[in-house]
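Engineer: Okay, here's the structure, questions in a sec.
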Amino acid sequence: MKNKNIVIFTKTNWNESPRIRHQLTRLLSSYGHNVTFFEKSCSTQLKTIKYKKDKINFIRHFELFHHQLRPFEFLVKLNQFVAKYFIQKNIKNENIDLVINFNYDYPFLKDLFPDKKVITIINDDFVSQAKFWMTKSIRNQLLDTCKNSDLVLAVSYPLVEQLKEYNQNTHIFLPWAQNEYIEPTIVAIKKDVVLYWGFIDHRIDWDVIEYLLKKKIKLRFVGSVQTKIFSKIEKCNEYTTFELIDPSSLETLNMDDIVCSLLPYDPKRNEMNAVTVNNRVFQLLSYGLPLVYSNLPNLLKSPTTVISKCKTNEEYFNVIKYFSNNFDLVQSDIKIFLKDHYAQNRYEYFTNKIEEIDSDN
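Start counting the sequence shown at 22; every next residue gets the next number (the numbering used here).
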């Protein structure tokens, strides 16, 4: 794909924890494309903020209402009118070649860019996560946004099936490893620490955590803690085998004693059932860490030596012990699995999809 001027619409600030919208933005920029990234709109600040960082242009503009506070059609239309005004005002002199949209509530982009391809990427099950008073409104906005897109990409298989009802040209688009596989360093100390790396919140199955701590499994949690689960952390702190560390990048963590990574999501939470692969998975695997995952129904298929799914507390314990005893043996399987999940793989996949919709005209 020749270098293009690309505009990306999101509900994310650039300094938030990296997700697939950050990944894709950096990826396109690294291949020489000129990218303009619209950050999360703000309803409390009228002034538009523009800045440039790492060769990427950033814009943040005003909106009337937060997206979870528009249950009625007239509020939706009014907010769209304001959003269109600020978008046109801020890029009216730009020669845009491609539009990428991460917002479920932007069905008007074809009005602003009638001769350009609009690609919508849906990275969450917004309907199931909606407040009850917003479910109908969000479903309708999502439907209109997908219908008015040339291509829809989604980060999980259930989302793909759901969105195909709105747009048949819907396909899977998974995250990827930021760096090539890094061979774990051979060290004299025993690898007996299990890592949880990421936001620490209510989606975690805390019964699993307590069971593992009682079984004297060493757990190291690295990340920000959701306020409403402070009591869970306080309980964990009663165990000498629990450790909590402030948010850190993987490259700054000491991996010498880490044997695997834990992703113990609570499968009883409906929003987790749509997960195919968490954005962190490929990052963790690239450091040679096998994953101990909850038994989510739509999880990405992989060898059990790479990602092992657990139904019971006992299975979590047994899998951790297996990786403790076979850490070196599983490295070749991790390395092979990652070959299809690097930045170049996703860039080629993404550009091929663009070429397909271009050739349809």
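We treat Cβ as the ideally placed atom computed from N, Cα and C, and that holds for glycine.
For Gly-244 and Asp-136, what's the separation of their Cα atoms in angstroms?
Structural biologist: The residue you call residue 244 lines up with position 223 of the sequence shown. The residue you call residue 136 lines up with position 115 of the sequence shown. Spanning the two alpha carbons is a distance of roughly 43 angstroms.
Engineer: Quick one: using the 10 Å Cβ neighbour count with 16 as the cut-off for buried, is Gln-101 buried or exposed?
Structural biologist: One-based indexing of the sequence shown puts residue 101 at position 80. Buried, by the Cβ-count rule.
Engineer: Indicate whether at least one CB of chain D lies closer than 8 angstroms to the CB of Ile-80.
Structural biologist: Given the protein chain composition of this structure (a single chain), no chain D is represented.
Engineer: Quick one: residues in its chain with C-beta nearer than 7 angstroms to the C-beta of Arg-91, no 5 flanking neighbours on either side, listed in chain order?
Structural biologist: As a first step, residue 91 is located in the sequence shown; it is residue number 70 there, counting from the start. Result list for Arg-91: Val-97, Asn-100, Ser-158, in chain order.
Engineer: Going by DSSP, what residues sit across from Phe-79 in a beta bridge?
Structural biologist: Residue mapping note: residue 79 aligns to position 58 of the sequence shown, counting from 1. For Phe-79, which the question treats as bridged, DSSP gives the partners Phe-58, Tyr-72.
Engineer: When the Cβ atoms of the region 175–190 are set against those of the region 218–230, are three or more pairs found closer than 8 angstroms?
Structural biologist: Result no; under three Cβ-Cβ pairs closer than 8 angstroms.
Engineer: What residue does the alpha helix (DSSP H) around Glu-292 start on, and which one ends it?
Structural biologist: Counting from 1 along the sequence shown, the entry for residue 292 is found at position 271. Premise fails: Glu-292 is in no alpha helix (DSSP H) and is neither H nor E.
Engineer: Looking at the secondary structure, which residues open and close the alpha helix (DSSP H) in which Tyr-106 lies?
Structural biologist: Sequence index remark: in the sequence shown, residue 106 carries index 85 (1-based). Here the alpha helix (DSSP H) through Tyr-106 covers 94–112.
Engineer: For His-362, which of Leu-164, Asn-339, Ser-323, Val-340 has the nearest alpha-carbon?
Structural biologist: As a position in the sequence shown, residue 362 is number 341, starting the count at 1. For His-362, the nearest C-alpha among the options comes from Ser-323.
Engineer: For Trp-218, which option in Lys-212, Lys-289, Phe-303 has the closest C-alpha, if you only look at C-alpha atoms?
Structural biologist: The residue you call residue 218 lines up with position 197 of the sequence shown. Among Lys-212, Lys-289, Phe-303, the Cα nearest to that of Trp-218 is on Phe-303.
Engineer: Terminal residues of the continuous beta strand (DSSP E) containing Tyr-217?
Structural biologist: One-based indexing of the sequence shown puts residue 217 at position 196. 214–218 is the span of the beta strand (DSSP E), which, as asked, contains Tyr-217.
Engineer: Enumerate in chain order the residues of its own chain whose CB-to-CB distance from Phe-147 is below 7 angstroms, with the five nearest sequence positions on each side excluded.
Structural biologist: For the purposes of this step, residue 147 is identified with residue 126 of the sequence shown, where counting begins at 1. Correct list, in chain order: Tyr-125, Ile-159, Leu-163.
Engineer: Hey, Ser-282 and Leu-310: beta-carbon distance below 8 angstroms or not?
Structural biologist: Numbered from its first residue, the sequence shown carries residue 282 at position 261. Numbered from its first residue, the sequence shown carries residue 310 at position 289. A contact, by the Cβ cut-off of 8 angstroms.
Engineer: Mapping the DSSP letters down to three states, classify Ile-203 as helix, strand or coil.
Structural biologist: Reading the sequence shown from its first residue, position 182 is the one you call residue 203. Ile-203: coil per DSSP, three-state reduction.
Engineer: Consult DSSP for Lys-138 and reduce its assignment to one of helix, strand or coil.
Structural biologist: Taking the sequence shown and counting its residues from 1, one reaches residue 138 at position 117. Three-state result, Lys-138: strand.
Engineer: Within 10 Å of its beta-carbon, does Pro-285 have 16 or more other beta-carbons around it, so buried, or fewer, so exposed?
Structural biologist: In the sequence shown, counting from the first residue as 1, residue 285 sits at position 264. So Pro-285 ends up on the buried side.
Engineer: Between the beta-carbon of His-43 and the beta-carbon of Asn-24, is there less than 8 angstroms?
Structural biologist: Residue numbering aside, residue 43 sits at position 22 when the sequence shown is read from its first letter. Residue numbering aside, residue 24 sits at position 3 when the sequence shown is read from its first letter. The answer is no: Cβ separation not under 8 angstroms.
Engineer: Please state the DSSP three-state secondary structure of Ile-210.
Structural biologist: What you label residue 210 is simply residue 189 of the sequence shown in a count that begins at 1. The answer is coil: DSSP assigns Ile-210 none of H, G, I, E or B.
Engineer: Measure from the alpha carbon of Lys-342 to the alpha carbon of each residue in Phe-83, Thr-248, Thr-326, then state which is nearest.
Structural biologist: By 1-based counting over the sequence shown, the position of residue 342 is 321. Of the listed residues, the one whose Cα sits closest to Lys-342 is Thr-326.
Engineer: Measuring CA to CA, which of Leu-265, Ala-364, Thr-141, Ala-104 is closest to Val-214?
Structural biologist: The residue you call residue 214 lines up with position 193 of the sequence shown. Among Leu-265, Ala-364, Thr-141, Ala-104, the Cα nearest to that of Val-214 belongs to Leu-265.
Engineer: Going by the CB atoms, is the gap between Phe-194 and Asn-122 shorter than 8 angstroms?
Structural biologist: As a first step, residue 122 is located in the sequence shown; it is residue number 101 there, counting from the start. As a first step, residue 194 is located in the sequence shown; it is residue number 173 there, counting from the start. Not a contact, by the Cβ cut-off of 8 angstroms.
Engineer: Using the beta-carbon count (16 or more within 10 Å), is Asn-316 buried or exposed?
Structural biologist: Residue mapping note: residue 316 aligns to position 295 of the sequence shown, counting from 1. Answer is exposed; the Cβ neighbour count stays below 16.
Engineer: Does Thr-273 come out as helix, strand or coil in the three-state DSSP assignment?
Structural biologist: Sequence index remark: in the sequence shown, residue 273 carries index 252 (1-based). In this structure, Thr-273 counts as helix in the three-state DSSP scheme.
Engineer: If you compare alpha carbons, which of Phe-251, Phe-220, Ile-210 is closest to Ile-279?
Structural biologist: Along the sequence shown, one-based indexing puts residue 279 at 258. When only C-alpha atoms are compared, the closest one is Ile-210.
Engineer: Could you tell me which residues DSSP pairs with Glu-264 in its beta bridges?
Structural biologist: One-based indexing of the sequence shown puts residue 264 at position 243. In the DSSP output, where bridge partners are listed per residue, Glu-264 has Arg-241.
Engineer: Excluding the 5 residues flanking Arg-301 on each side, which residues of the same chain have their C-beta closer than 6 angstroms to its C-beta?
Structural biologist: To locate residue 301, count along the sequence shown from 1; it is residue 280. Correct list, in chain order: Gly-219.
Engineer: Contact between the region 194–207 and the region 256–264 is defined here as three or more beta-carbon pairs at a separation below 8 angstroms; is this criterion met?
Structural biologist: They do not touch, by the three-pair rule.
Engineer: Would you call Asn-291 buried or exposed, if buried means 16 or more other Cβ atoms sit within 10 Å of its Cβ?
Structural biologist: As a first step, residue 291 must be located in the sequence shown, where it is residue number 270. The residue is exposed, with fewer than 16 neighbouring Cβ atoms inside 10 Å.
Engineer: Could you name the residues of the same chain whose beta carbon sits closer than 7 angstroms to that of Lys-152, not counting the 5 residues immediately before and after it, in chain order?
Structural biologist: The residue labelled residue 152 in the question sits at position 131 within the sequence shown. If we look at Lys-152 and ignore the five residues flanking it on each side, its Cβ neighbours are Gln-89.
Engineer: With 16 as the cutoff for other CB atoms within 10 Å, does Ile-238 come out buried or exposed?
Structural biologist: Here residue 238 refers to the residue found at position 217 when the sequence shown is read from its first residue. Ile-238 should be labelled buried.
Engineer: Nearest-angstrom Cα distance between Gln-66 and Arg-81?
Structural biologist: Taking the first residue of the sequence shown as position 1, residue 66 is located at position 45. Taking the first residue of the sequence shown as position 1, residue 81 is located at position 60. Cα to Cα, Gln-66 sits roughly 10 angstroms from Arg-81.
Engineer: How about Phe-95 and Leu-233: are their beta carbons less than 8 angstroms apart?
Structural biologist: As a first step, residue 95 is located in the sequence shown; it is residue number 74 there, counting from the start. As a first step, residue 233 is located in the sequence shown; it is residue number 212 there, counting from the start. No, these two residues do not count as a Cβ contact at 8 angstroms.
Engineer: Use the C-beta contact count for Phe-18: other C-beta atoms within 10 angstroms, 16 or more gives buried, fewer gives exposed.
Structural biologist: No answer is possible for residue 18: it lies beyond the span of the chain, which begins at 22 and ends at 382.
Engineer: Nearest to Thr-297 by CA position, among Ser-177, Thr-273, Tyr-370, is which residue?
Structural biologist: Here residue 297 refers to the residue found at position 276 of the sequence shown. Among Ser-177, Thr-273, Tyr-370, the Cα nearest to that of Thr-297 belongs to Ser-177.
Engineer: Provide the residue span of the beta strand (DSSP E) that contains Asn-122, from first to last.
Structural biologist: For the purposes of this step, residue 122 is taken as residue 101 along the sequence shown, with counting starting at 1. Note, Asn-122: beta strand (DSSP E), 119–122.
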